[in-house]
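Enquirer: Residue numbers (the numbering used here), protein chains in the order written: chain A, 1 to 196; chain B, 1 to 219.
Pasting a structure here, questions to come.
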């Protein structure tokens, strides 16, 4: 049956409307759970708040397990899912830059916009910085192009590139996630409690 | 007292959630596996088979070939011998028996060309089409009637009789022009009518001689 849009159950014309609705809900949840505070995000780096790690890891596991159950029961065809293409070095370098920006600014691009919406000045500065970065990137695109478009590895997943059984992979991944939650809790308890 | 109990249960909640996740993930590993149906579903295949949208007429194909439309790829599914004897221009030969060879997969499973399959009639081509369709290959068409139809309509178009509508004559002219493109010569039309030399009668230009006017009386 699913995925709904590629199989024509929901027409393509609804794409933008669905995107807007999901965006509104996503933004609301981010703000409601306090992710629009740069301290919350920086806490992951300094070790006093691991909410970000827990939230995103849990989201990944829940959707992963849910998808594979739906695939098993025949509601969703997992092979029809969109897999983001991998540009190896582009992803590595971009990841490092984003990580540094994440720690230095205390926002990820999504949460920065949430924080702008509630009027945080540091977030406004951050978003202006993003725009300057985008401008520089597009002006110097010819320099970055070989990295940006090179090292293309296709639409692969970890399951393809490691060649493992997806079900075992999910099980081990879940164990890793829960282990990381436990460890992060231990680290948090050792750190001095910070109120913010 | 009740509050304490609730707090006790709630304090346990993260461990419980973690346990649920592990059990669910473990369940995926332990579930009995079954072979998945590859390719498209039988119902989908049936509706594709019933639909005649896959057929391309010979006239359309002739038009495509004459205009040298680069988006079309012709695939001859007959055996090699027949392919060598006669085939359409720029066709690729993929014998039906070798249809699923890996060498040919790139021709069939692609997104950039409209593939037209053909054989002597359209039955072998249809079989090839069904096999490929089952594998969910896109942009596949079948030449209606195959090479035989091609021969009967394009290479050797039947002359319309006089009581046929004007469209039949237009079609005939198109087919005839197409067949000329594909190398058929209509000898009777190339017969040059014998040149009859017209005898041009010599024109006699009569020049009126000026008569000397008789001197008239004057001043």
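We put the beta carbon where it would ideally sit given N, CA and C, even for glycine.
(1) Contact defined as beta carbons within less than 8 Å: I believe residue 40 of chain B pairs with residue 136 of chain B. What is the distance between those atoms, to the nearest angstrom?
(2) Tell me residue 74 of chain B's beta-bridge partners as DSSP assigns them.
(3) Report the residues of the stretch 171–185 of chain A with a CB closer than 9 Å to any CB of chain B, ordered along the chain.
(4) Pick from B:202, B:27, B:175, B:158: whose alpha carbon is nearest that of residue 59 of chain B?
(5) Quick check on the DSSP output: what are the complete beta strand (DSSP E) runs of length 3 or more inside the stretch 86–149 of chain B, in order along the chain?
(6) Using a C-beta cutoff of 8 Å, does residue 26 of chain B count as contacting chain A?
(7) Output the boundary residues of the alpha helix (DSSP H) element that contains residue 188 of chain A.
(8) Can you round the beta-carbon distance between residue 174 of chain A and residue 21 of chain B to whole angstroms, since I take them to be within the 8 Å contact cut?
(9) Are residue 55 of chain A and residue 44 of chain A touching if we call contact CB-CB under 8 Å?
(10) So, under 8 Å CB-CB, residue 116 of chain B and residue 61 of chain B are touching, yes? Tell me the CB distance rounded to an integer number of Å.
(11) Using the C-alpha atoms, what's the distance from residue 59 of chain A back to residue 129 of chain B?
(12) Are the beta-carbon atoms of residue 160 of chain B and residue 168 of chain B separated by less than 8 Å?
(13) Do you know offhand how far residue 109 of chain A's Cα is from residue 79 of chain A's?
(14) Go ahead and label residue 53 of chain B buried or exposed: buried means 16 or more other beta carbons lie within 10 angstroms of its beta carbon, across all protein chains shown.
(15) If you follow the alpha helix (DSSP H) that residue 109 of chain A is in, where does it begin and where does it stop?
(16) Could you tell me the alpha carbon to alpha carbon distance between residue 36 of chain B and residue 67 of chain A, rounded to whole angstroms?
(17) Of all the options B:27, B:55, B:7, B:205, which has the alpha carbon lying nearest to the alpha carbon of residue 123 of chain B?
(18) Are there three or more Cβ pairs, one per stretch, closer than 8 Å when the stretch 143–159 of chain A is compared with the stretch 22–42 of chain A?
(19) Should residue 89 of chain A be flagged as near chain B, meaning a C-beta pair shorter than 8 Å?
(20) Classify residue 6 of chain A as buried or exposed, calling it buried when 16 or more other Cβ atoms lie within 10 Å of its own Cβ.
(21) Residues of the stretch 51–66 of chain A in Cβ contact with chain B at a cutoff of 9 Å, in chain order, please.
(22) My assumption, with CB atoms under 8 Å, is that residue 186 of chain A sits in contact with residue 47 of chain A. Please give the rounded CB distance.
(23) Please determine, among B:38, B:26, B:172, the residue with the shortest C-alpha to C-alpha distance to residue 131 of chain B.
(24) Answer yes or no: do residue 138 of chain A and residue 126 of chain A have a C-beta to C-beta separation smaller than 8 Å?
(25) Under three-state DSSP, which class holds residue 152 of chain A?
(26) Three or more C-beta pairs closer than 8 Å, one from the stretch 94–104 of chain A and one from the stretch 12–22 of chain A: is that the case here?
(27) Report the three-state DSSP secondary structure of residue 127 of chain A (helix, strand or coil).
(28) Using the beta-carbon of each residue, which ones in chain B are nearer than 7 Å to residue 72 of chain A?
(29) Give the list of continuous beta strand (DSSP E) stretches no shorter than 3 residues that lie fully inside the stretch 7–51 of chain A.
(30) Cβ of residue 224 of chain B less than 8 Å from any chain A Cβ?
(31) Taking only beta-carbon atoms, is residue 168 of chain A less than 8 Å away from chain B?
(32) With distance defined between alpha-carbon atoms, name the residue in A:191, A:31, A:151 nearest to residue 92 of chain A.
(33) Look up residue 55 of chain B in the DSSP assignment and say whether it is helix, strand or coil.
(34) Sort out for me which residues DSSP pairs residue 14 of chain B with in a bridge.
(35) May I ask you to report which of helix, strand or coil DSSP gives residue 83 of chain B?
(36) To which residues of the same chain is residue 73 of chain B closer than 8 Å at the C-beta, ignoring the five residues directly before and after it?
Expert: To lay it out plainly:
(1) Right, their Cβ atoms sit about 5 Å apart.
(2) DSSP lists B:116 as the beta-bridge partner residues of residue 74 of chain B.
(3) Listed by position, the residues of the stretch 171–185 of chain A near chain B (Cβ gap below 9 Å) are 171, 172, 173, 174, 175, 177, 178, 181, 182, 185.
(4) Answer by Cα proximity: B:175.
(5) The stretch 86–149 of chain B contains these whole beta strand (DSSP E) runs: 114–118, 140–143.
(6) At least one chain A Cβ lies under 8 Å of residue 26 of chain B.
(7) Start and end: 166–190.
(8) Yes, they are in contact, since the Cβ atoms of residue 174 of chain A and residue 21 of chain B sit about 6 Å apart, within 8 Å.
(9) No, the pair does not count as a contact, with Cβ atoms beyond the cut-off.
(10) Between residue 61 of chain B and residue 116 of chain B the Cβ distance is about 6 Å, and since that is below 8 Å, they are a contact.
(11) Distance between residue 129 of chain B and residue 59 of chain A, taken at the CA atoms: about 43 Å.
(12) At a Cβ-Cβ threshold of 8 Å, residue 160 of chain B and residue 168 of chain B count as neighbours.
(13) So the two alpha carbons sit approximately 30 Å from each other.
(14) Exposed, by the Cβ-count rule.
(15) For residue 109 of chain A, the uninterrupted alpha helix (DSSP H) segment begins and ends at 109–117.
(16) Roughly 16 Å separates the two Cα atoms.
(17) It is B:55 whose Cα lies nearest to the Cα of residue 123 of chain B.
(18) Here the stretch 143–159 of chain A does not lie against the stretch 22–42 of chain A, with fewer than 3 beta-carbon pairs under 8 Å apart.
(19) It does not: the Cβ of residue 89 of chain A has no partner Cβ on chain B nearer than 8 Å.
(20) Label assigned to residue 6 of chain A: exposed.
(21) From the stretch 51–66 of chain A, only 58, 61, 62, 64, 65, 66 have a Cβ closer than 9 Å to chain B.
(22) Contact doesn't hold; Cβ gap of about 10 Å is too wide.
(23) When B:38, B:26, B:172 are compared, the shortest CA-CA separation from residue 131 of chain B is found for B:38.
(24) Residue 126 of chain A sits away from residue 138 of chain A, with the two beta carbons spaced by 8 Å or more.
(25) Here residue 152 of chain A sits in strand by DSSP.
(26) No, the stretch 94–104 of chain A does not touch the stretch 12–22 of chain A.
(27) Of the three classes helix, strand and coil, the one that applies to residue 127 of chain A here is helix, per DSSP.
(28) Chain order gives the chain B residues near residue 72 of chain A as 31, where near means a beta carbon separation below 7 Å.
(29) Counting only unbroken stretches of 3 or more residues, no beta strand (DSSP E) element lies wholly within the stretch 7–51 of chain A.
(30) Outside the shown range of chain B (1 to 219) lies residue 224 of chain B, about which nothing can therefore be said.
(31) Proximity of residue 168 of chain A to chain B, defined by a Cβ-Cβ separation below 8 Å, is satisfied.
(32) Looking from the CA of residue 92 of chain A, the closest CA among A:191, A:31, A:151 belongs to A:151.
(33) Looking at residue 55 of chain B - three-state DSSP - the assignment turns out to be strand.
(34) According to DSSP, residue 14 of chain B bridges with nothing at all.
(35) In the three-state DSSP reduction, residue 83 of chain B falls in the helix class (H, G or I).
(36) In the same chain as residue 73 of chain B, and ignoring 5 residues on each side of it, the C-beta atoms closer than 8 Å to its own belong to 92, 107, 113, 114, 115, 116, in chain order.
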